[in-house]
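See below for the structure under consideration.
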Amino acid sequence: MFEIGNSLREARVRQGLGYPELELATKIRAKYLKALEDEEFSMLPGNTYVKGFLRTYADHLGLDGQLYVDEYASRFAAHELEEAPLRRPRPRTRQRTVERRAVLLALLGIAALAALVLLAWKFGGSNSPNSTPPALQTPPASLTLRGVGKGSYVVVRRNSASGPLLLQGTVEGGSRETLDGTRFYVFARSPGLLRVTLGGKAVALPSAKNLRVLVTPQRTTRLRG
Numbered sequence: 011m012f013e014i015g016n017s018l019r020e021a022r023v024r025q026g027l028g029y030p031e032l033e034l035a036t037k038i039r040a041k042y043l044k045a046l047e048d049e050e051f052s053m054l055p056g057n058t059y060v061k062g063f064l065r066t067y068a069d070h071l072g073l074d075g076q077l078y079v080d081e082y083a084s085r086f087a088a089h090e091l092e093e094a095p096l097r098r099p100r101p102r103t104r105q106r107t108v109e110r111r112a113v114l115l116a117l118l119g120i121a122a123l124a125a126l127v128l129l130a131w132k133f134g135g136s137n138s139p140n141s142t143p144p145a146l147q148t149p150p151a152s153l154t155l156r157g158v159g160k161g162s163y164v165v166v167r168r169n170s171a172s173g174p175l176l177l178q179g180t181v182e183g184g185s186r187e188t189l190d191g192t193r194f195y196v197f198a199r200s201p202g203l204l205r206v207t208l209g210g211k212a213v214a215l216p217s218a219k220n221l222r223v224l225v226t227p228q229r230t231t232r233l234r235g
């Protein structure tokens, strides 16, 4: 048996990570991360969320997420299940009818908006048959690595560890490397000496040596070496 909250907090403090950057990296709200560290599990929506958040948070800190889920289940989840009162499900026929109407109206609105955009593009004076409607253009994303102090040796590949090689070498302190795309495999020998952003948003990297991660707009996933 070990203390779930204290071990999570010690791992975070040891790596010098703050709640804002962890919220960006894990997609878990900062107040829930703090609740996990304080073992105030009642602040979370339910057992399923607690287990999912525990696994994600622990894995991101370089810990064994399944071990934390098992410890929570043995100490808290079974006890809460025994005490939870039985509730009879209430009829939801009317609620489902309202939800279906709302979905239908939303789809009709989207269809109407798409038609207006298409008409505006078609009759708005565009002379190029291959031009893309301005409202449908997606701004390109990019990965930026900036060296701090002595910098760090890095290897960056597109999409996965076996993808095309984009960058290999040392990002010196004060220098900057920018690579277009949205999904990258990144190896960093000294991640603490790098500042990384994707699409202008900060990417939080654990401070472990020889770090391997997969960086996407949705999350940063640590990979086993």
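Each residue of the sequence shown is one higher than the one before, counting from 11 in our numbering.
No residue lacks a Cβ here, since even glycine has one placed at the ideal position from N, Cα and C.
None of the values given here were measured: they were computed from a predicted structure.
Under the Cβ criterion (8 Å, minimum of three pairs), the region 216-226 does not count as touching the region 179-187.
In the structure shown, residue 192 falls within a coil segment according to DSSP collapsed to helix, strand and coil. A Cβ-Cβ distance of about 5 Å is found for the pair residue 35 and residue 230, placing them in contact under the 8 Å criterion. Beta-bridge pairing by DSSP links residue 187 to 155. When 121, 112 and 196 are compared, the shortest CA-CA separation from residue 176 is found for 196. A direct Cα-to-Cα measurement between residue 159 and residue 212 gives close to 18 Å.
For residue 198, the closest C-alpha among the options 161, 190 and 208 is that of 161. The alpha-carbon separation between residue 50 and residue 42 amounts to approximately 9 Å. Separation of residue 76 and residue 65 (C-alpha to C-alpha, rounded to the nearest whole angstrom) is 6 Å. Under the DSSP assignment, residue 58 falls outside any beta strand (DSSP E), being part of the alpha helix (DSSP H) whose first and last residues are 57-70. Shown here for residue 69: same chain residues with a beta carbon closer than 6 Å to its own, the five before and five after excluded, namely 75 in chain order.
Around residue 233, the same chain offers 171, 195, 222, 223 and 224 as residues with beta carbons nearer than 8 Å, after the five sequence neighbours per side are excluded. Comparing C-alpha distances from residue 179 to each of 166, 111 and 56 shows the shortest one belongs to 166. It is roughly 6 Å from the alpha-carbon of residue 193 to the alpha-carbon of residue 168.
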